[in-house]
Amino acid sequence: MNKGRIKVALALALVAVLAFVAVGARKTAMKLAQDAAQKVYVPPGEYDEFYAFLSGGFNGQIGVYGLPSGRLLKIIGVFSQNPRNGYGYNPETRPMLMTSHGFIPWDDTHHPELSQTNGVPDGRWLFVNANNTPRIARIGLKYMETEEIIEIPNSAGNHPSSFITENSEYLTAGTRFSVPIPQKDIPIDQYKGNFKGTLSFISIDPKTGKMDVAFQILVPGFDYDLAHCGKGPSHDWCFFTSYNTEEAHTLLEINASQHDKDFIAAVNWKRAEECVKEGKYETWHTPYAHNWFDEKKHMAFSEIKKEEKVIKPDQCPGVVYFIPTPKSPHGVDVSPDGKYILGDGKLSATMAVFSFDKMIKAIKEKKFAGDAYGIPILDFESVLDHYVKNVCLGPLHTESDGKGYAYTSCFISSEVVKWKWSTGEIVDRIPVYYSIGHLMIPGGDSAKPWGKYLLAMNKITKDRYLPTGPELNQSAQLIDITGDKMKLLLDFPTVGEPHYAQALPASMIKDKQARIYNLKENEHPYATKSEKNVKVVRKGHEVHVYMTAIRSHFVPDNIEGVKVGDTVYFHVTNLEQDWDIPHGFAVFGAPTSNNLIMPGETKTLVWKPEKPGVYPFYCTDFCSALHQEMQGYVRVSPADANPPMIWRGGGREGKWIVEQ
Amino acid sequence: MRWVKALLLAAGVAFALGAATGVQAAQPKCAIQAKLPPKGLPKGLGPYANKTLELSPCVDKELAKKGEQLFEQYCSGCHKITQRYVGPPLKGVTIARSPEWIMNLFLNTQEMVWNDPIAKALLQQYLTVMRPPADATEKDFRAIYEYLRYIDATGKTEVK
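Chains S and W, in that order, are what the protein sequence lines are.
Quick note on our numbering: the first sequence kicks off at 1315 and runs consecutively.
Quick note on our numbering: the second sequence kicks off at -6 and runs consecutively.
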């Protein structure tokens, strides 16, 4: 053999080896992908294991997803109008979006929280906060619709909300943006000492779920960021993180990052209850809206309330203490056994784990390191149990798996870190794409997590999906946490910007889902329960059309007699009584959304026609083979005309009823 | 005294039996004589496929009255009695179809329109799948059936 041949032979051998290695690596990658695919694959016709409720951030809704598949099951309109079904557009639901500032068609949903019994999600209700105009909403899990919204008075930037106590006694609310409380016109540079915060407790009626502002605690003007309440031994307490203890009012990025430590406010809500009972509070009169949906009347109502109980900590000693916490902490999380309280110190690579027992001891022994506006600051070392050292960059939030481990999301280093609650020992890390905010384990902030999956809700999507111009949907990633090593299973895009999420086993609520609104129980004042009862009523310039919809016709489908200057109310009742036969209703030129009307439901579309002509209306939901035929006409005559007032439809015809 | 008790018991049983057979024997004349369908009609698919729905030769007026209300509430948006509407006119349906077939259509609609030859042919003609109310019970459907029987027996749509 000459040298040339040897070289060729060696080169060929090398290529063969490399090819073999490459094929091997590809096979391994494919095997991993197949394993992951199998774990998230839900075959056609079968169901997901968990319902997950993700907030929609600036889109103002709740998204209901199935896990592990990541299927989007439903969008629930909460603080934002939902053109899909008319929520917040039609007169039945517009009162849900009333506030003391008037009608607001938008907000920013952040932290969903399931109702709990004995510290465990019980499948009754889901709550979520509005960050911009402070509010909390309650969503019923039978109809999966928003049933109640309460505004939080004396507040701004309702971010540490809506976290729940162990037996759903209260939900938390608080001021991320301190403001003059009560509001007044003062120069912004007089922030220090003049701006205040409130930490509010919203009571929940155990039978009906109805919410009320129970009491508000007036606190110094820091930025109260997140919260979680205790369980087990720490049952009586809720914990709120704060940043900007510097009380900066401009360029907070720098000016609010000066202190090495900010505070966790530890609130003893049982003590607050005592003070309320003993009359140690002030009654204030800041107006706030309370809105609720009457399931039988298919209609929302709104009232303005004007009385709240405000507790000043110096009049109720023992109600609140500050725990120094490194540094500008974001999340505050409690271990499932209620023994540890963690401050996720956003700007610190080391997190402090506090002991509840030590906190109680420090309070008893008065181990204080001064006070802030009269509120005792506990001695850091006396409350500290241990550190989680060099956890990551930008730790934000922590959830638990119920097996002694905690999982912390890290925004800056873009990873999830698994560590041991009792020692702070780090046992695993996994990168996420990209820049995770909240994470969620089903029941992961409760006493008994279902520790099978972890959902990372990432803030930055970049190149994860096919590009869609500059604006991209946010990205969630599902991680298997059943083994020693975390395993990435699935990417899926989410609607809006999910901040936090909650999940529970599907079996807990699947069979309780309503399928229809029972027509017999429909108490809508304008319901039409049979085609026999269809009518058109004129009351001055108001025209009320009592209309029915069933596959595939409206009765009436011809309406004549409307004049410019009239306001027409189309009260459409869907007569169907079987699952999943909605009908839609839209009128040409009406400046509002369509209504999507569920079986047995009544909804109203309001229209003020401005020009004479003949206007079609139609069913917007493809309901049957003859859906295209499901249409009708309204004739609009000039204001001074005298058209016949008649209707036709369903083989019937009639004259309008004219009431004075 | 034990024999007294035994005698009383025996007498009681005999009386009960007598009363029961008595009712059957002395069938009262029907206030409304039903028009029964011929025997041997197809039963369709579903819970009544292998069952017989025993029909009284008399129309149960009270049940038909209840059925009339339910029909108004649940069926009238799609069915008229003598005219085609969304679905077929219903006059004569209780004579043309077996009671089992009608109950199966109520209780097992999707399978019926997929696989039963008569229901399939009706769907081809009317192009809309019947969707009986989700919350109605078998008793409710039986009442609606009795109302249809009343119509076929009397030619009237109002139960009086």
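The beta carbon of each residue, even a glycine, is placed where N, CA and C say it ideally should be.
Going by DSSP, name the residue or residues bridged to T1413/S. Partner(s): G1416/S.
(message) If I measure Cβ to Cβ from G1810/S and keep anything under 8 Å in the same chain, skipping five residues before and after, which residues do I get?
(response) S1369, G1370, G1371, F1372, N1373, G1374, Q1375, G1377, T1423, Q1788
Quiz item: Cα separation between I1830/S and L1513/S?
Solution: 40 Å
**Message:** List, in chain order, every chain S residue whose beta-carbon is nearer than 9 Å to that of Y67/W.
**Reply:** L1833, L1889, Q1891
*Going along the chain, which residues of its own chain have a beta-carbon closer than 7 Å to the beta-carbon of D1805/S, five neighbours each way excluded?*
R1778, S1789, Q1791
Whole angstroms are fine: how far does the CA of G1402/S sit from the CA of H1604/S? 15 Å
Going along chain W in order, which residues have a C-beta closer than 8 Å to the C-beta of R1865/S? C71, V79, T121, R124
**Report entry** Residues sharing a beta bridge with M1525/S, DSSP
**Finding:** I1518/S
Cut-off 7 Å between Cβ atoms - residues of its own chain near K44/W, not counting five sequence neighbours on either side: Cβ within range, chain order: E93.
Among G1964/S, V1493/S, V1857/S, the one whose alpha carbon lies nearest that of R1949/S:
Taking only the C-alpha atoms, the option nearest R1949/S is V1857/S.
- Would you call the segment 1938 to 1952 of chain S and the segment 1860 to 1876 of chain S touching, i.e. three or more CB-CB distances under 8 Å? yes
Checklist entry - Rounded to the nearest angstrom, how far is the Cβ of G1738/S from that of P1650/S, given a contact under 8 Å? => result So it is not a contact: roughly 16 Å between Cβ atoms.
- Alpha carbon to alpha carbon, what distance is there between Y1635/S and S1669/S? 14 Å
query: By the criterion of Cβ-Cβ separation under 8 Å, what are the contact partners of K1843/S in chain W?
result: Chain W residues near K1843/S: Q66.
Q.
Which of the three DSSP states is assigned to L1381/S in this structure?
A. In the structure shown, L1381/S sits in a strand (DSSP, three-state: E or B).
(Q) Give me the residue from E1729/S, Q1395/S, P1756/S with the minimum Cα distance to Y1748/S. (A) E1729/S
Quiz item: Count the other CB atoms within 10 Å of the CB of V1882/S; is the residue buried (16 or more) or exposed (fewer)?
Solution: buried
- Message: Against chain S, with Cβ distances strictly below 8 Å, would D128/W count as a contact?
- Response: yes
Please list, in chain order, the chain W residues whose beta carbon lies closer than 7 Å to that of A1984/S.
No answer is possible for residue 1984/S: it lies beyond the span of chain S, which begins at 1315 and ends at 1974.
- Query: With respect to 7 Å, is the separation between the Cβ of Y1814/S and the closest non-hydrogen atom of the ligand ADP below this value?
  - Reply: The ligand ADP is not part of the structure shown, which contains no ligands of any sort.
Against R1966/S, what residues of chain W qualify as contacts under a CB-to-CB distance less than 9 Å, listed in chain order?
Within chain W, no residue comes near R1966/S; the closest Cβ sits about 11 Å away, beyond 9 Å.
Pull up the distance between the alpha-carbon of I1500/S and that of A1683/S, whole angstroms please. 32 Å
Under 8 Å by beta carbon: chain W residues contacting T1862/S: G70
Neighbour list for R1438/S in chain W, Cβ cutoff strictly below 7 Å: Here the premise fails: no neighbours, minimum Cβ distance about 22 Å.
Assigned secondary structure, Y1719/S (DSSP; H/G/I helix, E/B strand, else coil): strand
key: Alpha carbon of I1450/S to alpha carbon of Q1942/S, nearest angstrom   = 41 Å
Once the 5 residues before and after N108/W are set aside, which same chain residues still bring their CB inside 8 Å of it? L38
Self-check item: Three or more C-beta pairs below 8 Å linking the segment 1885 to 1904 of chain S and the segment 120 to 130 of chain W
Solution: Segments in contact, yes.
Open item on the list: Cβ closer than 9 Å: which chain W residues qualify as neighbours of R1829/S?
Closed with: A127, D128
Check for me: the alpha helix (DSSP H) holding T102/W runs from which residue to which?
DSSP places T102/W inside the alpha helix (DSSP H), whose first and last residues are 102 to 108.
*Do the CB positions of N1481/S and Q1530/S come within less than 8 Å of each other?*
Cβ distance not < 8 Å, so N1481/S and Q1530/S don't count as in contact.
- Task: Determine the DSSP secondary structure at S1642/S, reduced to helix, strand or coil.
- Result: coil
Note to self: For H1473/S and A1444/S, what's the separation of their Cα atoms in angstroms?
What the structure shows: 8 Å
How far does the beta strand (DSSP E) with N1909/S in it extend, from its first residue to its last? 1909 to 1911
Distance, Cα to Cα, L98/W vs T1447/S?
53 Å
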